Structures are given as structure tokens and as C-alpha cells.
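From first to last, the protein sequence lines stand for chains A and B.
The working numbering applies: residue 159 is where the first sequence begins, and numbers increase by one.
The working numbering applies: residue 159 is where the second sequence begins, and numbers increase by one.
C-beta atoms are modelled at their ideal positions from N, C-alpha and C, and glycine is treated no differently.
Note that the structure is predicted; figures quoted are calculated from it, not measured.
Just below is one structure, and these are the notes that go with it.
Number of protein chains: 2
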Amino acid sequence: MNKSPLLQEVTELHAGICNGLADPTRILMLYALVDEPRNVNDLTETLNLPQPTTSRHLKILRQQGLVIGEREGLYIYYRLADKRIIEALDLLRTILNDRLTYRASLVENQNSNQKQE
Amino acid sequence: MNKSPLLQEVTELHAGICNGLADPTRILMLYALVDEPRNVNDLTETLNLPQPTTSRHLKILRQQGLVIGEREGLYIYYRLADKRIIEALDLLRTILNDRLTYRASLVENQNSNQKQE
DNA sequence: GAACTATATGTAAATATCCGAATACACTTA
DNA sequence: TAAGTGTATTCGGATATTTACATATAGTTC
């Protein structure tokens, strides 16, 4: 395995991005930004959070390069830094759904087996 | 925003998967499993970790449904639970690379501007 | 069953994360 | 410059994560 310092560093950034995604609130935030940029208060109300909590999560997303905030007059509008972030999230969600569906089908079979017995 | 309990729960699982990916060691582990299953000692040597550390990370990956371990005789062989996990990781890595490249190009420009001035 | 090998877990210390509440800061408008 | 609105930070405590070291468990082979 290549243990060069470069790989090490890039892998840490890679993990950092994943860490940015590793919170339900932040995932909901990113999906909330799919269609259009939103300001903090908007997100705060949409996600039903205390405003400081919204800001803190946005800071993490910013630090990991997942969102970009730009001030327009009184507001700071946040938007996705890269649309492909949603692709990645969708892919992981698909993997999850397939797993849940598979488990559900196991329960199905289990039930019908029980009925047979 | 739909705040149904179901969405809440699925989003937590979604975040859980991301959390499984949110560690450099675990990312290297997953990439180490791309081509073929490996046992714990194999991974331990490849990643140059203490064996208990390897086991612990594998446990997390297992819990998040990212890898599957199956015993064959004396060894437990771990493999990716779903190849698409690598697709997702690759996509995130691409996003990261593009960002790094972009930043590097900024530095480039900055340098050449300095030379011009 | 004893010895052996592979893998997992307990524990403790260091470190990080999350949240709520209060407060500070930034920008705009009057 | 003062008031007002939007956004960020600080602090505290509770909780979780990571790691190393030691040890336990599980399965195999003799």
C-alpha cells in the first residue's frame, strides 16, 4: 500500500468530507440547498432548529468545502459548493434503501414461512 | 420540510453510513478491499496498524453495513458489502481533487501575476 | 482436551462532537 | 451614530470516538 504523505493527506481530506456528511442535520441541510440558495434564517425555520445550531453546522459544511456562503445585502445565502455532493449522497441513500428493502424482504419470507409452518 | 419519523430515521442511517466513511483508516480499508476479500491480519499488515485497531475499525464498518465478514477455516475474510460504496467514495474524491486542482491553479495565477508585476 | 492462531473486546486516557443559552459581531437603514 | 435584523461565536456540560495495551474469545489442529 502506498503510504506516501500525499496519499495520507488527501485521504484525511477525503475523510473530512465524509465527516461533513456524517450528521443527519447536515444531510437535511444539503438536500434543502439542492434547488436554490438559502439564508440562515430560512434554513433555521425549514429545519426547525435554533439559529446558532444552524450556523454551527453551516460552518462545518463550509470548512469541508461542501457549501459556499455569499452575502447579498442583509442576508448570507448558502449554496452547494458542488452539485455532485448530492449525487454522492443519493448513491449512499440508494445503497441504504436497497439494504432496507432486502431486510424487509427477509422479514416477509420469515413471516410467510411462519404461516406455512 | 417533511419531518416524518421515517425520514428522520432513514436520515440517521444515512448519516451513519457517512460516519462509517469518515475516517482515513477506514477509507484505506475499503479501498484495500476493492479487488478481493482480505482477512484481519492481512489488513493489519497492509495498513500497518495494531491488530486491535484493525478489528475495531472493521467492527464499525460492519455495523454500518459497509463490509461483510465471513469465516473460512481459520480466517475471517472481509469484503465490501456493496461495490457502489467505492463509487460514492470515488465521487467524493473527485470532488476533492477538482477543488485541490482549482486551488492550485489559483496559486499558479497568483505566482504568474506576481512575476508580471 | 491442549496448544495454537486469528480475531474481538475491556479498559483508560486523550480528544473530539453536539447542543442550548447567552452573547457578540456585521451589515443595513433611518 | 443608533436601532434593528441577520449571522456567528463562546462557554458549559454531556456524550462519543480513537488509540494502545492487555486480555479474552472462537475456531482449528494435533
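Residues of the stretch 206-226 of chain A that bring their beta carbon within less than 8 Å of a beta carbon in chain B comprise 206 and 223, in sequence order. For residue 258/B, the nearest beta carbon of chain A is closer than 9 Å to its own beta carbon.
Around the CB of residue 169/B, 16 or more other CB atoms lie within 10 Å, so the residue is classed as buried.
Residue 192/A is outside the set of residues whose beta carbon lies under 9 Å from a beta carbon in chain B. Taking C-beta separations shorter than 6 Å and ignoring five residues to either side along the sequence, the partners of residue 239/A in its chain run 223, 224, 225 and 226, following chain order. Residue burial is scored here from C-beta neighbours: residue 164/B has fewer than 16 other C-beta atoms within 10 angstroms and is therefore classed as exposed. Per the Cβ contact rule, the stretch 191-200 of chain B is in contact with the stretch 227-235 of chain B (3 or more Cβ pairs under 8 Å). If you look at residue 203/A, you'll find it in the alpha helix (DSSP H) that goes 198-205. With the criterion set as a beta carbon lying under 9 Å from some beta carbon of chain A, the members of the stretch 163-178 of chain B are 165, 166, 168, 169, 170, 171, 172, 173, 174, 175, 176, 177 and 178, in sequence order.
When DSSP states are grouped into helix, strand and coil, residue 230/A belongs to the strand group. Within chain A, the residues whose beta carbon sits less than 8 Å from that of residue 182/B are 166, 169, 170, 172 and 173, listed in sequence order.
For residue 195/B, there is no enclosing alpha helix (DSSP H), as DSSP marks it with neither H nor E. Secondary structure of residue 258/A (DSSP, three-state): helix. Restricting attention to 256/B, 258/B, 266/B and 237/B, the CA atom closest to the CA of residue 194/B is found in 237/B.
If you look at residue 209/B, you'll find it in the alpha helix (DSSP H) that goes 209-221. Taking a beta-carbon distance threshold of 9 Å, residue 232/A does not count as an interface residue toward chain B. Within chain B, no C-beta atom comes less than 7 Å from the C-beta of residue 229/A; the nearest is roughly 21 Å away. A residue is called buried once 16 or more other Cβ atoms fall within 10 Å of its Cβ, and residue 211/A, having fewer, is exposed. Residue 250/A is bridged by DSSP to nothing; it lacks a bridge partner. Beta-bridge annotation (DSSP): residue 237/A is paired with 226/A.
Here residue 264/B is exposed. Its C-beta has fewer than 16 other C-beta atoms within 10 Å. Residue 231/B sits exposed, since fewer than 16 C-beta atoms from the chains shown fall within 10 Å of its C-beta. Residue 246/B and residue 262/B have their C-alpha atoms spaced approximately 24 Å apart.
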